[in-house]
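Take 196 as the starting number for the sequence shown in our numbering and just add one per residue. What follows is a single structure, written as structure tokens, with notes after it.
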Amino acid sequence: MPACTKALGQHCLHAFSQQVPASLGAFYRIDAQLQACDFQLLGMQAPMHHTYLEHYRHLDPLQPSNCLAIGLPVVSLRQGLAHHSEASGRLYQRFLNQHQVVDVVEVIAHVEGRPAAGLSLLRCSGLGLFQAHELQSLLPLHGLMQLAAHQLPSAPRDDRLQRLTPREREIAVLLREGVSNKQLARHLDLGLPTVKTHLINLFRKVGVKNRTELVGALFLPENARTQPSG
Numbered sequence: 196m197p198a199c200t201k202a203l204g205q206h207c208l209h210a211f212s213q214q215v216p217a218s219l220g221a222f223y224r225i226d227a228q229l230q231a232c233d234f235q236l237l238g239m240q241a242p243m244h245h246t247y248l249e250h251y252r253h254l255d256p257l258q259p260s261n262c263l264a265i266g267l268p269v270v271s272l273r274q275g276l277a278h279h280s281e282a283s284g285r286l287y288q289r290f291l292n293q294h295q296v297v298d299v300v301e302v303i304a305h306v307e308g309r310p311a312a313g314l315s316l317l318r319c320s321g322l323g324l325f326q327a328h329e330l331q332s333l334l335p336l337h338g339l340m341q342l343a344a345h346q347l348p349s350a351p352r353d354d355r356l357q358r359l360t361p362r363e364r365e366i367a368v369l370l371r372e373g374v375s376n377k378q379l380a381r382h383l384d385l386g387l388p389t390v391k392t393h394l395i396n397l398f399r400k401v402g403v404k405n406r407t408e409l410v411g412a413l414f415l416p417e418n419a420r421t422q423p424s425g
């Protein structure tokens, strides 16, 4: 992890958790595929974070692609769930409950119009829910975080992803993680026939024939997508 990323993460975690008390926290960089990476954790045990990455990331209503669709710099769990399918929201809240987490707020910093870094603050039952005035008090810190995010290594813009709608990008990221059509239907709160229609339209838009080609076209570097001849 670049030293500038680590330093920014440490400063942000300290400043935000001092401004609004939190039980746990995480700072991360957002790559060109709108995926959180290079995590720095505050108070969070590795097993919880590993379980999140392996089994619950795609259900998270506050993942970068969802926050981008909502369009706010500070997004509460309640706001995220309001823009999320009920089925996925219930599964994600079950994960939070297993770790005694009662509320989450996400702060997203943009650089040149694209999400570049994010910060999660989580509260366990002892601290209660985040209040509206507390979320409002995070806005000045968000402005400073956004200025500091210009120090981060820039993720190359990917025009293939930028041409997709936020919902299409969300579907593409889920396909990259290997979800089945049934899981996709549950996550999007749609019927299987509608999911298949979405996939057909997405394949046509990207110019591919199946999931494997879609993931390769959107997420693999050009040299990795080109098979050597001979």
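Using N, Cα and C, we set each Cβ at its ideal position, and we do this for glycine too.
{"query": "Please state whether DSSP places Glu301 in a helix, a strand or coil.", "result": "strand"}
{"query": "Using only the alpha-carbon positions, how far apart do Gly323 and Val297 sit?", "result": "7 Å"}
{"query": "Which stretch, first to last residue, makes up the alpha helix (DSSP H) that contains Gly411?", "result": "Arg406 to Phe414"}
{"query": "Return helix, strand or coil for Leu257, following the three-state DSSP convention.", "result": "coil"}
{"query": "With a threshold of 16 other CB atoms inside 10 Å of the CB of Leu347, please say whether the residue is buried or exposed.", "result": "buried"}
{"query": "Restricting to Cα atoms, I'd like to know which of Glu372, Arg358, Phe398 and Pro310 is closest to Ala344.", "result": "Pro310"}
{"query": "Whole-angstrom Cβ separation of Pro256 and His279, contact assumed at under 8 Å?", "result": "4 Å"}
{"query": "Using CA atoms only, rank isn't needed, just tell me which of Ile303, Ser283, Ile225 and Ala412 is closest to Leu267.", "result": "Ile303"}
{"query": "Smallest Cα separation from Gln228: which of Ala367, His393, Asn396 and Lys391?", "result": "Ala367"}
{"query": "Could you tell me if Asn261 is buried or exposed, where buried requires 16 or more neighbouring beta carbons within 10 angstroms of its beta carbon?", "result": "buried"}
{"query": "Check each candidate in Glu281, Ala312, Leu342 and Ser320 and name the one with the smallest Cα separation from Val299.", "result": "Ser320"}
{"query": "Closest by CA to Arg406, which one among His253, Phe234, Val215 and Ser375?", "result": "Ser375"}
{"query": "Do you know offhand how far Leu394's Cα is from Pro216's?", "result": "42 Å"}
{"query": "How big is the Cα-Cα spacing for Arg358 and His244?", "result": "31 Å"}
{"query": "Between the C-alpha atoms of Pro277 and Ala198, what's the straight-line distance to the nearest angstrom?", "result": "The amino acid occupying residue 277 in the given sequence is Ala; Pro does not appear at that position. Cα-Cα distance, rounded: 37 Å."}
{"query": "Evaluate Glu365 with the Cβ neighbour count: other Cβ atoms within 10 Å of its Cβ, from every protein chain shown; 16 or more gives buried, anything less gives exposed.", "result": "buried"}
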